[in-house]
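Residue numbers (the numbering used here), protein chains in the order written: chain Z, 538 to 864; chain A, 538 to 864; chain G, 8 to 379; chain W, 8 to 379.
In this text, a Cβ means the ideal position worked out from N, Cα and C, and glycines have one as well.
Below is one structure, written out as structure tokens, with a few remarks after it.
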Ligand SMILES: Cc1ncc(C[n+]2csc(CCOP(=O)(O)OP(=O)(O)O)c2C)c(N)n1
Ligand SMILES: Cc1ncc(C[n+]2csc(CCOP(=O)(O)OP(=O)(O)O)c2C)c(N)n1
Ligand SMILES: [Mg+2]
Ligand SMILES: [Mg+2]
């Protein structure tokens with residue numbers, strides 16, 4: 538059985554089911570208890586599982602992540618909510634210096650199974666620092682996994698996988714598509730595997746590699762290019778940003794010979810560069826054109842009056858496709 | 538007049554000269570006063586300029602960077618020392634959310650002219666977390682500049698430029714070459730421009746693009762390849778990691794048609810990926826082989842018993858050159 | 008199990024914390040009666056306080072309406088906290104530097120920020136972060152507690168240069184849980200800097216009540232950890248707030264270092280217009296209680312009225328004036344026209360590097376403009 | 008200028024902090040005389056304390072020598088701090104979790120970490136981070152103050168599961184300036200967790216003296232900020248430390264929450280073997296003073312001797328035993344053989360992802376091995 542759910546509802550359902558399924562799972566974060574989190578991702582869970590499973594914490598992100606590490610060392614499975622991604626910055630030391638390194642330095646003696654969920658990305662007219670997209674920071678940190686769902690179905694299945702993963706997973710939830718559309722989501726527990734990309738649109742002419750809220754924008758651009766130009770673009774939703782699904786990326790590019798990477802994070806040293814490099818290293822001879830990156834500009838994410846201009850638009854993606862096709 | 542100085546002495550001299558030259562310059566950090574900093578980079582400066590110019594702070598990196606932002610807003614030019622690069626993690630929020638964004642959000646009303654110096658990198662048998670190389674984090678942050686000197690001459694000239702720069706500069710000092718060799722360093726104030734790379738070895742067959750302590754390793758590999766194979770590798774010391782010297786990179790690669798990027802940071806989402814992508818985008822047709830990245834492995838920098846195996850070695854660089862030349 | 012000795016020792020320790028630290032200083036009672044010295048505030052100043060509070064409340068209410076109408080974006084209201092903000096800001100000198108949060112626009116405007124800029128800010132315009140020439144107000148700080156350190160640094164700069172002024176940082180009760188709060192107070196204490204840490208304890212950090220936020224009964228007592236003075240005042244008592252800040256300022260400019268002030272108050276409304284307070288508190292009852300029993304404006308009116316410093320006619324004029332000023336500010340903000348997307352490429356650095364020039368051209372082209 | 012009123016108020020406030028909080032609890036004086044109750048420590052326990060301290064000092068001195076000889080890397084000595092570490096660790100139960108820093112290997116070894124592992128750690132070997140099965144000791148924490156939060160989380164986990172044990176975090180005076188210190192104490196207070204925060208105030212954070220580190224006269228008084236008990240003890244008095252930790256532990260397992268303990272002590276030597284203390288303090292004089300007037304081992308010997316619990320012959324035997332154990336540990340560490348570089352690819356994740364498998368093969372090939 539499945540019902541049409543928003544992405545944020547799918548997230549909530551995954552949390553609900555894992556709280557019921559595994560008593561080691563605890564949630565912690567700011568305003569996740571009685572308030573049900575600012576986006577309602579934990580709505581009703583405190584009533585159902587009590588304040589020992591759904592823990593409202595003081596306002597201190599290093600405190601939250603550090604405490605979660607201790608909880609994990611103590612045999613629990615903490616699922617942390619950071620209210621908006623940029624507010625993870627005060628907790629980066631805990632993440633980089635401890636969560637990511639504990640298993641390695643203790644030679645497997647202590648793992649830190651935990652999930653850090655954070656709403657992220659621009660496009661919802663949020664205040665300053667409510668729209669950042671800094672996934673590259675985590676992908677550059679060995680020991681972390683980075684997951685971004687692009688639709689409600691994957692949100693639920695990936696989050697369940699993340700909670701069951703023995704290693705720390707940074708789970709980024711694109712606010713722009715929290716309630717942008719509904720999709721059929723199966724009831725009950727199911728897993729979408731970490732490390733596997735998904736081809737959301739098949740095509741032979743060009744591969745658009747993207748994730749998160751950009752998947753929808755890329756799909757629209759691909760449709761338009763097919764209508765206007767007859768080019769069939771494949772759209773790959775990466776879903777796991779680290780470690781990436783090398784095989785899926787290479788398979789697509791070897792088929793199409795052309796690629797475009799689309800992400801809303803800043804372009805320079807963004808994750809797009811890693812994907813370009815991977816293709817360069819492993820499939821250079823298949824390439825018929827340079828791989829362009831359509832990304833957020835290298836400016837601080839501006840305040841919301843112009844955030845839509847900061848974000849990659851359908852227009853920009855189409856231009857990128859045209860340039861790549863006509864190279 | 539110039540004397541042979543170690544890199545760390547060149548750093549100290551730049552600080553000394555700017556303290557004398559501009560009374561707005563103040564240094565702050567842990568153990569930089571009476572102790573002269575753990576690597577002696579500020580040796581004797583408190584005696585010369587007093588504790589109002591050379592400020593020993595409490596042990597709190599967010600405190601240090603946040604205070605420095607306030608000092609800069611108040612018209613001073615703070616030069617912060619972070620004792621080892623990984624200890625900047627607790628201060629990343631101040632750097633990312635404020636230092637990097639202040640000019641932009643206030644539309645130029647408030648700049649934050651400051652320098653954050655940090656010894657970095659592996660190879661000196663340091664304890665855990667004394668050997669990280671996370672320059673990519675800063676390069677991904679609009680509003681920051683990132684500078685890494687590869688030799689004593691540049692260390693002095695670049696640091697002077699950084700202190701005179703109106704924007705926040707992250708200035709990374711490779712500990713491995715702090716005292717590895719001496720080089721002629723001119724007396725007095727001089728500038729090495731930020732944003733300009735340096736060709737440290739000319740060649741026609743392949744471009745090795747690198748920075749910091751890896752410049753020396755790359756040079757040795759290039760020499761060996763010339764001796765053993767007769768290949769002439771050009772070695773480009775990037776010096777500024779953000780914004781990179783696009784023209785220098787492209788000029789070299791357009792000449793050689795082959796490139797290798799060498800850095801000691803982790804490979805995935807490291808800055809090497811950005812350089813590969815830049816070349817891919819702007820000079821793909823010149824390429825005769827994929828650009829390989831010889832980088833630190835994607836593992837937490839291990840403890841020192843095996844750190845030399847973590848770092849790119851002359852051996853690994855030579856293999857990379859061979860594979861690229863024989864592609 | 009606790010040993011006998013252990014229990015006794017613990018009790019002594021708990022008592023050792025002076026009750027003084029938990030006392031809430033009050034001058035102006037809710038019924039308009041005065042219970043402490045107020046000689047330092049001349050009558051004209053009191054009327055000024057009143058007018059400012061009336062204006063600020065008018066502004067705040069209007070913003071909530073405008074947000075509903077979609078004329079501005081998500082907005083953080085401060086209704087109920089006017090005394091804390093106006094009373095403190097009026098105790099400052101022009102040479103003092105102010106570091107407000109997203110909820111402190113009343114304080115910012117008293118200190119010289121324009122109403123139009125505040126509106127622009129909430130319209131998602133970067134222009135709203137700018138303050139008029141000579142006005143020492145930093146833009147609203149969003150990441151909690153981080154700006155306390157900026158105030159510390161600015162106070163440090165003034166000290167190093169021999170300027171006699173202070174830096175004041177505004178923040179909430181939730182902010183006292185962040186590490187930066189601790190680091191800031193410690194730095195200010197170690198270097199004896201002229202900083203005023205002004206906490207508006209409105210009892211909630213979004214949904215989290217103070218009892219859950221903090222392990223301490225008060226915020227003022229946290230000053231003990233730094234051997235600096237901590238003061239707890241009735242934050243809805245504009246005289247008490249004004250006096251606490253005046254005294255803290257005196258100490259600061261006299262070189263005696265920082266002060267932590269806890270102003271106990273309450274926000275009548277939601278955390279922001281995106282928040283629904285009924286989810287986490289008995290909003291109607293609490294809000295009504297504070298409004299009717301502890302309102303900062305009402306009590307000052309009672310006081311002024313009894314001393315013939317207030318009249319219904321004046322009130323009407325002031326209310327009208329407030330409405331006009333607020334409307335005018337909106338006109339001014341709207342006059343800024345549509346936001347220019349290309350402006351996002353400005354001021355990333357003092358000079359534009361090659362990659363931004365290139366990206367700027369890309370935007371221009373993708374918008375159908377000519378390459379510049 | 009400060010008004011009359013302002014000055015008076017300030018003075019009252021400063022006095023309000025109870026002097027009790029600044030008192031240093033002591034049981035065993037430097038001259039070996041006892042000034043407080045010690046009934047809780049049986050004679051055999053006292054001799055055990057002594058033997059541990061002798062062993063630890065022997066280990067520490069040997070490590071400094073080995074570092075000079077290049078047999079181990081940079082090393083952080085704890086000589087002078089034996090009572091704080093041994094006294095506290097002996098007050099714990101096996102079920103308690105310990106979170107040490109880079110200077111707390113004495114505490115770690117008392118709690119069950121092996122000497123060989125400690126040596127491996129300082130030889131730059133990741134194996135040194137592992138503790139024997141069942142031993143609840145985390146690896147040394149390098150980034151200052153971060154592990155206080157891990158202790159909080161572990162205590163939280165125990166509380167949630169109904170386990171009756173504590174988590175203890177060791178840290179230095181410098182650590183109390185970091186934001187994580189504050190966040191940890193606040194969390195522990197809010198959730199009333201069974202955590203012992205054990206600060207060894209050795210007066211210096213590398214070169215920075217405590218007076219410059221902190222705005223407060225003591226560390227214990229910082230407990231006031233969280234309404235939790237704070238205790239200041241003579242950290243070179245093994246009885247006092249033991250008692251403070253025992254009581255804190257009792258409170259914790261009784262569900263009464265965390266305790267902050269400040270153990271005042273001194274490191275005789277350098278911060279690490281890479282440090283030169285003569286640069287920042289009168290090292291010879293200070294070190295001599297503490298050694299001759301406040302040594303933790305000497306005073307316990309005096310006490311034991313007077314009660315016939317010590318003899319020169321036994322001392323000799325213990326010293327010899329210590330030397331042998333330390334030498335044995337080095338043999339054991341050396342038996343680990345050369346470090347395997349390929350091991351760095353293990354345990355990055357529970358399962359090896361494709362990119363690490365590939366990088367591992369690259370390393371193997373570049374070392375001339377066959378691809379695996
Ligand atoms: C570092 C950080 N974490 C989380 C947030 C999200 N957030 C915004 S306001 C707020 C509550 C602040 O409460 P308080 O300090 O009491 O101030 P108030 O809003 O009550 O004025 C939170 C959690 C943030 N802005 N910054
Ligand atoms: C976050 C962080 N900043 C800086 C350092 C470098 N560092 C190592 S030990 C030390 C001093 C610590 O002093 P204290 O807490 O008093 O402990 P002690 O060494 O005296 O035992 C410093 C600054 C670090 N390890 N971590
Ligand atoms: Mg509040
Ligand atoms: Mg110390």
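Beta-carbon spacing of residue 256(G), residue 209(G) below 7 Å: no
Cβ pair residue 81(W), residue 279(W) closer than 7 Å: yes
Among 810(Z), 789(Z), 542(Z) and 825(Z), the one whose alpha carbon lies nearest that of residue 833(Z): 810(Z)
Cβ distance (whole Å) where residue 698(A) is taken to contact residue 654(A) below 8 Å: That belief does not hold up - the Cβ atoms of residue 698(A) and residue 654(A) are roughly 13 Å apart, past 8 Å.
Any 3 or more C-beta pairs closer than 8 Å across the region 290-299 of chain W and the region 576-583 of chain A: Taking 8 Å as the limit for Cβ pairs, the verdict is that the region 576-583 of chain A does not touch the region 290-299 of chain W.
Beta-carbon proximity of residue 748(A) to residue 784(A), cut-off 7 Å: no
Backbone CA spacing between residue 589(A) and residue 827(A) [nearest angstrom]: 53 Å
Stretch-stretch touch, CB-based, cutoff 8 Å, three pairs: the region 155-172 of chain G with the region 560-579 of chain Z: no
8 Å contact criterion, which residue 132(G) and residue 343(G) should meet: CB distance rounded: 7 Å
Of the listed residues 596(A), 730(A), 716(A) and 605(A), nearest to residue 541(A) (C-alpha basis): Nearest of 596(A), 730(A), 716(A) and 605(A) to residue 541(A), Cα basis: 716(A).
Residue(s) in a DSSP beta bridge with residue 738(A): Looking at the DSSP output, residue 738(A) sits in a beta bridge with 772(A).
beta-carbon residue 151(G) near ligand 1 non-hydrogen atom, thresh 6 Å: yes
Partners in chain G for residue 783(A), counting only beta-carbon separations shorter than 8 Å: 361 and 362
Ordered list of alpha helix (DSSP H) runs contained in the region 61-127 of chain G, each at least 4 residues: 89-96 and 112-117
Within chain A, the residues that residue 194(G) reaches when beta carbons sit closer than 8 Å: 594, 595, 597, 600 and 604
For review: beta carbons within less than 6 Å of any heavy atom in ligand 4: 179(W), 180(W), 181(W), 209(W), 211(W) and 212(W)
For residue 803(Z), the residue or residues it bridges with in DSSP: In the DSSP output, where bridge partners are listed per residue, residue 803(Z) has 833(Z).
As assigned by DSSP and simplified to three states, the class of residue 694(A): helix
Residue 110(W) Cβ short of 6 Å to ligand 2 heavy atom set: yes
Distance, residue 741(Z) Cα to residue 825(Z) Cα: Straight-line spacing of the CA atoms in residue 825(Z) and residue 741(Z) works out to 13 Å.
Within chain G, the residues that residue 187(W) reaches when beta carbons sit closer than 8 Å: 186
Beta-carbon spacing of residue 842(Z), residue 346(G) below 7 Å: Yes. Within cutoff.
Residues that DSSP places opposite residue 711(A) in a beta bridge: Its beta-bridge partners are 657(A).
Residue 624(Z): CB within 6 Å of a non-hydrogen atom of ligand 1: yes
Nearest-angstrom Cα separation, counted from residue 276(W) out to residue 86(W): Straight-line Cα distance between these residues: approximately 7 Å.
Contact test: residue 567(A) Cβ vs ligand 2 heavy atom, cutoff 6 Å: yes
Rounded straight-line distance, which links the Cα of residue 216(W) to that of residue 557(A): 28 Å
From 134(G), 261(G), 199(G) and 185(G), residue whose alpha carbon lies closest to that of residue 163(G): 199(G)
Exposure label - residue 266(G); buried when at least 16 CB within 10 Å: Flag for residue 266(G) reads buried.
Three-state class that DSSP yields for residue 618(A) in the structure shown: strand
Where residue 733(Z) sits in the DSSP three-state scheme: coil
As assigned by DSSP and simplified to three states, the class of residue 717(A): coil
Residue 620(A) Cβ short of 6 Å to ligand 2 heavy atom set: yes
Option in 168(W), 305(W), 127(W) and 119(W) with minimal Cα separation from residue 140(W): 119(W)
Simplified DSSP assignment, three categories, for residue 192(W): helix
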